[in-house]
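Each number in the numbering used here comes from the position in the sequence shown (counting from 1) with 18 added on.
Just so you know, even glycine gets a beta-carbon here, dropped at the ideal spot from N, CA and C.
Quantities reported herein were computed from a predicted structural model and do not represent experimental measurements.
What follows is a single structure, written as structure tokens, with notes after it.
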Amino acid sequence: MEVDTDKPNMARMYDYALGGKDNFAADRDAVNKLFAFSPENRYVPKANRRFLGRAVRHVASQGVRQFIDLGAGLPSQGNVHEVAQQSLPDAHVVYVDADPVVLTHATALLATDPSTAVIQADIREPEKILADGKLRELIDLSEPTCVLFVSVLHGISDADDPAGIVQAFADQLAPGSHLILSHLTSEGHPPELVKQKEEVFAKSPTPFSYRSRAEILRYFDGFTLVEPGLTPVTSWRDEETESAEMTAAGAWWLGGVARK
Ligand SMILES: C[S@@+](CC[C@H](N)C(=O)[O-])C[C@H]1O[C@@H](n2cnc3c(N)ncnc32)[C@H](O)[C@@H]1O
Numbered sequence: 019m020e021v022d023t024d025k026p027n028m029a030r031m032y033d034y035a036l037g038g039k040d041n042f043a044a045d046r047d048a049v050n051k052l053f054a055f056s057p058e059n060r061y062v063p064k065a066n067r068r069f070l071g072r073a074v075r076h077v078a079s080q081g082v083r084q085f086i087d088l089g090a091g092l093p094s095q096g097n098v099h100e101v102a103q104q105s106l107p108d109a110h111v112v113y114v115d116a117d118p119v120v121l122t123h124a125t126a127l128l129a130t131d132p133s134t135a136v137i138q139a140d141i142r143e144p145e146k147i148l149a150d151g152k153l154r155e156l157i158d159l160s161e162p163t164c165v166l167f168v169s170v171l172h173g174i175s176d177a178d179d180p181a182g183i184v185q186a187f188a189d190q191l192a193p194g195s196h197l198i199l200s201h202l203t204s205e206g207h208p209p210e211l212v213k214q215k216e217e218v219f220a221k222s223p224t225p226f227s228y229r230s231r232a233e234i235l236r237y238f239d240g241f242t243l244v245e246p247g248l249t250p251v252t253s254w255r256d257e258e259t260e261s262a263e264m265t266a267a268g269a270w271w272l273g274g275v276a277r278k
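Spelled out as structure tokens, the structure:
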């Protein structure tokens, strides 16, 4: 993947939408178009990010000490290692992202933390990622491990078999391992509106597929969903009453945590 600051880029758009500073005019323009298109879009990334924090806290509370964050994104608030290490100071976290800008920023952030590593790789190559020397130094696959596919699989086309990608990682995990997954969904939304949203992304370098509940559930094959199952991200073990805007934004995601 090349760094082209004239074209919007998924990691930097998401960073801008979360209030970050690691983005360029092209990213901000693309996100502002999405915000203008539908008011709750402003809250969509935040709803997902808050789910990520609650889900990691839950998995760490089960004693899982190893995390592989696939499509990790630019470092933001509440990164996986920060959340996990609050309950388990010796938790090991490997971040994986295809974007070279993510690699640079994450490497700088994590330079002094020997319990974390960053790998630049494509999640469509599970075997290569799991064989990576940096990952193997930190992750013992014979022990329970949590893999995260948070806000990344909707960027993987059906032709690239997202269910097969999750399965390839799942096959290598020990019993007691966990899967954390969130995905943009078409469920419960007017098809015309979903189509319009997909068309906005189709013009960017990162086309998205808003998938149905049944399609997203397939990614959990071989795992048992923990309570409350696959839900809008804002309803997943929520600790406070969300604003109406955040709840509306959360309805564009389904998220869940499952145990192998
Ligand atoms: C929307 S961000 C999500 C960040 C984080 N997981 C979260 O939910 O807060 C998606 C990230 O996935 C990365 N990504 C997209 N497709 C990928 C692929 N095929 N392999 C690796 N990373 C990918 C992008 O570069 C981007 O940083």
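{"Asked": "If you scan the segment 114-159 from start to end, which runs of the alpha helix (DSSP H) of 4 or more residues do you find wholly inside it?", "Found": "118-128, 144-149, 151-156"}
{"Asked": "Excluding five sequence neighbours on each side, which residues of the same chain lie with their C-beta closer than 7 angstroms to the C-beta of residue 83?", "Found": "106, 108, 109, 110"}
{"Asked": "Considering only DSSP beta bridges, list what residue 179 is partnered with.", "Found": "Note: residue 179 sits in no beta bridge, so no partner."}
{"Asked": "Starting from the Cα of residue 192, find the closest Cα among 208, 165, 145 and give me that residue.", "Found": "165"}
{"Asked": "Identify every residue that forms a DSSP beta bridge with residue 277.", "Found": "196, 242"}
{"Asked": "Kindly examine ligand 1 and report whether one of its heavy atoms sits closer than 8 angstroms to the Cβ of residue 264.", "Found": "no"}
{"Asked": "What did DSSP end up calling residue 80 once you bin it into helix, strand or coil?", "Found": "coil"}
{"Asked": "What do you get for residue 242, buried or exposed, if any count of 16 or more other CB atoms within 10 angstroms of its CB means buried?", "Found": "exposed"}
{"Asked": "For a test of the three-state rule: what should DSSP assign to residue 319, helix, strand or coil?", "Found": "Because the chain is modelled from 19 through 278, residue 319 falls outside the range shown and cannot be assessed."}
{"Asked": "Round the Cβ separation of residue 251 and residue 59 to the nearest angstrom and send it over; I've been treating them as touching at under 8 angstroms.", "Found": "Not quite, the Cβ-Cβ distance comes to about 14 angstroms (not below 8 angstroms), so this is no contact."}
{"Asked": "Report the residue ranges of all beta strand (DSSP E) runs contained in full by the segment 40-93; include only those spanning at least 3 residues, in chain order.", "Found": "84-88"}
{"Asked": "Please name the residue, chosen from 278, 101, 137, that lies closest to residue 162 on a Cα-to-Cα basis.", "Found": "278"}
{"Asked": "Determine the extent of the alpha helix (DSSP H) in which residue 98 is found, giving its start and end residues.", "Found": "98-105"}
{"Asked": "Using DSSP's beta-bridge definition, name the partner residues of residue 203.", "Found": "229"}
{"Asked": "Taking 6 angstroms as the limit between beta carbons, can you name the residues of its chain near residue 87, skipping five residues before and five after?", "Found": "98, 113, 166"}
{"Asked": "Are there 16 or more other CB atoms within 10 angstroms of the CB of residue 55, so buried, or fewer, so exposed?", "Found": "exposed"}
{"Asked": "Given the structure, does residue 186 come close to ligand 1, in the sense that its CB is under 8 angstroms from one of the ligand's heavy atoms?", "Found": "no"}
{"Asked": "Which two residues bound the contiguous beta strand (DSSP E) that contains residue 168?", "Found": "164-168"}
{"Asked": "Taking its Cβ as the centre, do 16 or more other Cβ atoms sit within 10 Å of residue 21, making it buried, or is it exposed?", "Found": "exposed"}
{"Asked": "Could you check which residue in 235, 237, 202, 211 has the C-alpha nearest to that of residue 228?", "Found": "202"}
{"Asked": "Measure the CB-CB distance between residue 205 and residue 231 and report whether it falls below 9 angstroms.", "Found": "yes"}
{"Asked": "Ordered along the chain, which non-local residues of its own chain (more than five positions away) have a Cβ less than 6 angstroms from that of residue 224?", "Found": "28, 173"}
{"Asked": "Between which two residues does the alpha helix (DSSP H) containing residue 25 stretch?", "Found": "Per DSSP, residue 25 belongs to no alpha helix (DSSP H) and is neither H nor E."}
{"Asked": "Sorted by chain position, which residues of the same chain lie with C-beta nearer than 6 angstroms to residue 184's C-beta, five sequence neighbours on each side aside?", "Found": "237"}
{"Asked": "Around the C-beta of residue 79, are 16 or more other C-beta atoms found within 10 angstroms, so that it is buried, or is it exposed?", "Found": "exposed"}
{"Asked": "Start and end of the alpha helix (DSSP H) containing residue 262?", "Found": "262-268"}
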